[in-house]
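A.B. asks: Okay, handing you the structure first.
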Amino acid sequence: MSYLYRPVPLSATEVSELKVQIQSRTDELIRLTTQLRRERHISGTKNKRNWFQKRKSEANDLLRLNKLKQMVYVLEIEKEEYDLLTNQQYNPMVYKMNLVLGVLASFYSIFWLLQILLYLLIDPSASPF
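Numbered by numbering that gives the first Met the number 0, the letters in the sequence shown go through residues 0 to 128 in order.
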């Protein structure tokens with residue numbers, strides 16, 4: 000599977016565009032985080048009239064916080080992919096060797112299962128074991 004999901008080399012312009020996109024998304028997440036923190040502080044200082052309003056406000060805050068966590072998680076994955084693309088120690092032969100070894104391992108497994116099935120099909124076994 001690593002051969003299918005191997006990183007594709009990008010040109011310098013594509014790498015710079017990807018870096019700008021990641022930076023803009025990071026700035027947007029920082030802005031959303033400060034806005035959410037401010038709103039939570041303001042809503043925490045206000046006295047709610049009843050339990051239902053307070054519960055509704057907390058549920059809304061929790062929903063927004065979970066969405067923010069999800070966006071941060073996606074950004075972390077994209078950052079890891081960017082680091083992998085810009086890594087100077089990238090070796091494309093690793094993924095090709097994984098493909099070759101995977102094919103060899105599958106042939107080995109198929110022949111092993113075939114040997115077991117053929118041994119079970121032979122009525123007088125060749126070996127007493």
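Cβ coordinates follow ideal geometry from the N, Cα and C atoms, glycine included.
In chain order, which alpha helix (DSSP H) runs of at least 4 residues are fully inside the segment 45 to 73?
C.D. replies: With a minimum length of 4 residues, no continuous alpha helix (DSSP H) run stays inside the segment 45 to 73.
A.B. asks: Quick check: what's the CA-CA separation for Pro123 versus Ile109?
C.D. replies: About 24 Å.
A.B. asks: Tell me which residue opens and which closes the alpha helix (DSSP H) that Val7 is part of.
C.D. replies: Taken as a continuous stretch (DSSP letters only), Val7 belongs to no alpha helix (DSSP H), as it is neither H nor E.
A.B. asks: Go ahead and pull the three-state DSSP assignment for Tyr2.
C.D. replies: Tyr2 falls in the coil class under three-state DSSP.
A.B. asks: Identify, in the order they occur along the chain, each residue of the same chain with its Cβ nearer than 8 Å to the Cβ of Ile145, setting aside the five sequence neighbours on each side.
C.D. replies: With the chain represented from 0 up to 128, any question about residue 145 goes unanswered, as that position is not in the structure.
A.B. asks: What does a CB cutoff of less than 8 Å around Arg39 pick up in its chain, not counting 5 residues either side in sequence?
C.D. replies: The residues are Asp60.
A.B. asks: Please confirm whether Leu84 and Leu9 have their CB atoms less than 8 Å apart.
C.D. replies: Yes, they are a contact pair.
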